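Undergrad:
In my numbering, the protein residues as written are 38 to 202.
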């Protein structure tokens, strides 16, 4: 094998790696935006509003909201927030400032939902004990670790693009 073959193989691997990373980067933006549009849209339904009650009412951060808002109104307000975050993240197509704001808001929202792991009854599978968690709400909430990481990535990537612009 000569040095030309080695450098060509190395260049091909580097190009493939950079291409894959670019697809993954913008895939994260796209995935988060879709998740926010879908989940946010569902917040306008009574079905979804009722599903939030055990999570929100047991939260030390949000337990008070049902004293101010009806279950459906709070869910709708949350829907407006989530759809807005989706728009901001998708706004990366226009400006990294928009996606930076969206990423920060998204991280805050997922940090809040992860706190439900500690305040919502029924997260731990009673027959198995810790670390076994229930499908709902346990596994449903656990996915938010990945979504929090994706949110932080979007915020950091957007900030980096602002700094280099």
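All C-beta atoms, glycine included, are put in the ideal place defined by N, C-alpha and C. In this text the structure is predicted, and so the values were computed from the model without any measurement.
For residue 186, report the span of its alpha helix (DSSP H) as first-last.
TA: Residues 181–201.
Undergrad: Between 160, 156, 126, which has its C-alpha nearest residue 144's C-alpha?
TA: If we check each option's Cα against that of residue 144, 126 comes out closest.
Undergrad: Does the beta-carbon distance from residue 194 to residue 82 come in below 8 Å?
TA: Cβ atoms of residue 194 and residue 82: not closer than 8 Å.
Undergrad: Report all residues from its chain with a CB closer than 7 Å to the CB of residue 159; omit the five preceding and five following residues, and keep chain order.
TA: Result list for residue 159: 171, 174, in chain order.
Undergrad: According to DSSP, which residues form a beta bridge with residue 170?
TA: Its beta-bridge partners are 161.
Undergrad: Please name the residue, chosen from 106, 90, 103, 151, that lies closest to residue 183 on a Cα-to-Cα basis.
TA: Here the closest residue by C-alpha is 151.
Undergrad: To test your reading of the DSSP string, which unbroken alpha helix (DSSP H) runs of 4 or more residues are found completely within the stretch 72–152?
TA: List check, alpha helix (DSSP H) in window: 83–94, 102–105, 108–127.
Undergrad: Examine the Cβ distances between the stretch 123–137 and the stretch 61–81 and report whether three or more of them are shorter than 8 Å.
TA: Segments in contact, yes.
Undergrad: Using C-beta distances below 6 Å, list every residue in its chain close to residue 102, excluding the 5 sequence neighbours before and after it, in chain order.
TA: For residue 102, where only same-chain residues beyond five positions count, the Cβ hits under 6 Å are 111.
Undergrad: Which whole-angstrom value is the C-beta distance of residue 95 and residue 149, which I expect to be below 8 Å?
TA: Between residue 149 and residue 95 the Cβ distance is about 13 Å, and since that is not below 8 Å, they are no contact.
Undergrad: Can you tell me whether residue 59 is buried or exposed, with buried defined as 16 or more other CB within 10 angstroms of its CB?
TA: With fewer than 16 other Cβ atoms within 10 Å, it is exposed.
Undergrad: Taking 8 Å as the limit between beta carbons, can you name the residues of its chain near residue 123, skipping five residues before and five after?
TA: The residues are 69, 70, 71, 72, 73, 74, 77, 139.
Undergrad: State yes or no: is the C-beta of residue 178 within less than 8 Å of the C-beta of residue 153?
TA: Yes, the pair counts as a contact, with Cβ atoms nearer than the cut-off.
Undergrad: Considering only the alpha carbon of each residue, which of 134, 180, 162, 146 lies closest to residue 201?
TA: Nearest of 134, 180, 162, 146 to residue 201, Cα basis: 134.
Undergrad: Going by beta-carbon coordinates alone, are residue 155 and residue 181 separated by less than 8 Å?
TA: Against a cut-off of 8 Å, the Cβ pair of residue 181 and residue 155 comes out as no contact.
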